[in-house]
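Participant:
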Amino acid sequence: YINKFESDVELELSDLLSNNFITVSSVLMKKNAIEKAGFFEDGPDTRAEDYILWLSYLNDRTNRIRYINNPTLKYRIHDKNWSNSTITDWIRLLQRTIDIRSPYLSNTDDKIRKAARAGCLSSYLLLAKAAFKNKKIKDSRKYLRNVLKNYDDRKSLKYLKYSLGYVYITMLSFLRK
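As structure tokens, then:
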């Protein structure tokens, strides 16, 4: 159970742009609300269609999503879960979340823009880790470069940590040549 908030709250668009923590099977939604939001995307290679639906729904500022701070389902883990998918599927999903958030990076609302940036940075970090773990040093370096380029607080310890990681990965890539 994802304990994101300390109590029940109404979610804002910015909450979901920074992190999609809604498990699709935990949602109760009226049919006309799904229709109004544009249904789920459909296609053989569709990823994160639930995430797109939640964001589309909250784009209309009159719509509300209520987060209930109680477990609402049990999730059975087995070998067909997304959590057990291939690293390639995981990378494609993370790249898709960046694509989904990218249009919000130029939003005039500062809170939405910052939340979209935070979500993209989080995905880039996960991509860098996945690529590194997969021994794709060049890709890992590229993703970390995106993190450094878009990170706001350049005087923070986290920025220093990411910078050192980038230096380390750069040195590894030169040693492997």
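So the sequence shown is residues 3 to 179, counted in my numbering. Here a beta-carbon is modelled for each residue, glycine too, at the ideal position from N, C-alpha and C.
1. Closest to Lys237 by C-alpha separation, out of Leu128, Ile102 and Ser27, would be which residue?
2. Does the separation of the CB atoms of Leu123 and Tyr145 fall below 7 Å?
3. Within 10 angstroms of its Cβ, does Leu96 collect 16 or more other Cβ (buried), or is it exposed?
4. Using 8 Å as the Cβ pair cut-off and three pairs as the minimum, do the region 60 to 74 and the region 5 to 15 touch?
5. Tell me where the beta strand (DSSP E) around Leu30 begins and ends.
6. Along the chain, where does the beta strand (DSSP E) that runs through Leu13 open and close?
7. Decide if the region 53 to 67 is in contact with the region 141 to 157; the criterion is three or more beta carbon pairs, one per stretch, under 8 Å apart.
8. Looking at C-beta atoms only, is the number of pairs between the region 107 to 124 and the region 19 to 33 that lie closer than 8 Å three or more?
9. Quick one: measure Cβ to Cβ for Asn181 and Tyr126, integer angstroms, because I've assumed they're closer than 8 Å.
10. DSSP state of Arg68, grouped into three classes?
11. Which of the three DSSP states is assigned to Glu51 in this structure?
12. How long is the line joining the alpha carbons of Lys140 and Ile24, rounded to whole angstroms?
13. At the level of alpha carbons, what is the spacing between Leu177 and Lys163?
14. Let me make sure I understand the geometry here. Which of Val11, Phe134 and Leu13 has the alpha-carbon closest to that of Ile171?
15. Entirely within the region 111 to 177 and at least 4 residues each: give me those alpha helix (DSSP H) ranges in chain order.
16. Which value, in whole angstroms, describes the spacing of the CA atoms of Glu12 and Ser142?
17. Does Asn22 come out as helix, strand or coil in the three-state DSSP assignment?
18. Quick check on the DSSP output: the alpha helix (DSSP H) that includes Leu96 runs from which residue to which?
19. Check whether the Cβ atoms of Ile79 and Asn136 sit closer than 7 Å, and answer yes or no.
Facilitator: In brief:
1. Coverage of the chain is limited to positions 3 through 179, which leaves residue 237 absent and any answer about it impossible.
2. Contact: no.
3. Classification for Leu96: buried.
4. Two segments are said to touch when three or more pairs of C-beta atoms, one from each, lie closer than 8 Å; by this definition the region 60 to 74 touches the region 5 to 15.
5. Unbroken run through Leu30: none, as it is neither H nor E.
6. If you look at Leu13, you'll find it in the beta strand (DSSP E) that goes Val11 to Leu13.
7. Here the region 53 to 67 does not lie against the region 141 to 157, with fewer than 3 beta-carbon pairs under 8 Å apart.
8. Short answer: they touch.
9. The structure shown does not extend to residue 181, since the chain is modelled only from 3 to 179, so the question has no answer here.
10. Reduced to three states, the DSSP call for Arg68 is strand.
11. DSSP places Glu51 in helix when its eight states are reduced to three.
12. C-alpha separation (whole angstroms): 32 Å.
13. In a straight line, the C-alpha of Leu177 is about 21 Å away from that of Lys163.
14. Nearest of Val11, Phe134 and Leu13 to Ile171, Cα basis: Phe134.
15. DSSP runs (the alpha helix (DSSP H)) wholly in the region 111 to 177: 112 to 135, 139 to 152 and 159 to 177.
16. When rounded, the separation of the alpha-carbon atoms in Glu12 and Ser142 is 36 Å.
17. In the three-state scheme derived from DSSP, where H, G and I count as helix and E and B as strand, Asn22 is classed as coil.
18. Boundaries of the alpha helix (DSSP H) around Leu96: Ile89 to Arg103.
19. Against a cut-off of 7 Å, the Cβ pair of Asn136 and Ile79 comes out as no contact.
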